[in-house]
Amino acid sequence: MFVDEGHRIHNVYQITGEQKDNIKAFLQGGVYCWCKNRKDEWFSLRDLMGGDNFHWQGTPLIELYKKHKDKEDSVKSAGIDAGWLLKAVINEDERVFETKKSGLINHYRWIKKNSVENILEVDN
1094 MFVDEGHRIH
1104 NVYQITGEQK
1114 DNIKAFLQGG
1124 VYCWCKNRKD
1134 EWFSLRDLMG
1144 GDNFHWQGTP
1154 LIELYKKHKD
1164 KEDSVKSAGI
1174 DAGWLLKAVI
1184 NEDERVFETK
1194 KSGLINHYRW
1204 IKKNSVENIL
1214 EVDN
């Protein structure tokens, strides 16, 4: 979940419910690994699934690429869909995340329980 409110979550169409569930489970695994191994560091979809992890063959994310494969900007379009699904994963997570935006890229950071309580106290 997000520490602040007002986050828009878009639905991703033209994939099956099972494909969407598999992609979200895969992204959730990436989020868990990041939070365990890189505490207090910001991350985005590019950090989890871009760069060296750019080739999505053999992962559920390949369905997003297949959906857009006939477009000129298929990689970008697949990445946008994956970003919306990552945002949904973060929103559905029981842990609390703060967000920041850099251009069009959303960045997330896990807030440990004590930190959340401190933030909520400051807001009240």
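Residue numbers (the working numbering): 1094 to 1217. Backbone N, C-alpha and C define an ideal beta-carbon position, used for all residues, glycine too. Treat the numbers as computed from the prediction; the structure is a model and nothing was measured.
Bridge partner(s) assigned by DSSP for residue i
| i | result |
| --- | --- |
| Ser1195 | Ile1198 |
| Ile1204 | Val1189 |
| Phe1136 | Tyr1201 |
Distance, residue j Cα to residue i Cα
| i | j | result |
| --- | --- | --- |
| Ile1155 | Leu1138 | 15 Å |
| Ser1170 | Ile1116 | 15 Å |
| Ala1181 | His1148 | 22 Å |
| Lys1162 | Glu1187 | 34 Å |
| Phe1190 | Phe1119 | 18 Å |
| Gln1150 | Lys1205 | 34 Å |
| Tyr1201 | Lys1132 | 11 Å |
| Ile1102 | Ala1175 | 12 Å |
| Leu1157 | Val1124 | 19 Å |
| His1168 | Asn1130 | Residue identity check: residue 1168 is Val in the sequence provided, not His. Cα to Cα, the separation comes out at about 28 Å. |
| Ser1195 | Glu1134 | 15 Å |
| Asn1146 | Asp1166 | 18 Å |
| Glu1185 | Thr1192 | 14 Å |
Assumed close pair residue i, residue j - CB separation to whole angstroms, cut-off 8 Å
| i | j | result |
| --- | --- | --- |
| Trp1203 | Cys1128 | 4 Å |
| Gln1107 | Lys1160 | 5 Å |
Contact test: residue i Cβ vs the ligand HEM heavy atom, cutoff 7 Å
| i | result |
| --- | --- |
| Lys1162 | The model depicted lacks the ligand HEM and carries no ligand whatsoever. |
Outcome for residue i when other beta-carbon atoms lying within 10 angstroms are tallied against a minimum of 16
| i | result |
| --- | --- |
| Gly1110 | exposed |
| Leu1178 | buried |
| Leu1141 | buried |
| Ile1198 | exposed |
| Ile1113 | In the sequence as presented, Ile is not what sits at residue 1113; that position holds Lys. That one is buried. |
| Asn1104 | exposed |
| Gly1172 | buried |
Closer than 8 Å to chain B by CB, residue i
| i | result |
| --- | --- |
| Gly1110 | Although the question refers to chain B, the structure presented lacks it and comprises just one protein chain. |
message = Which complete alpha helix (DSSP H) runs does the region 1159-1188 hold, if anything under 4 residues is left out?
response = 1167-1185
task = List in chain order: all unbroken alpha helix (DSSP H) runs of 4+ residues lying wholly within the region 1107-1156.
result = 1110-1130 and 1138-1142
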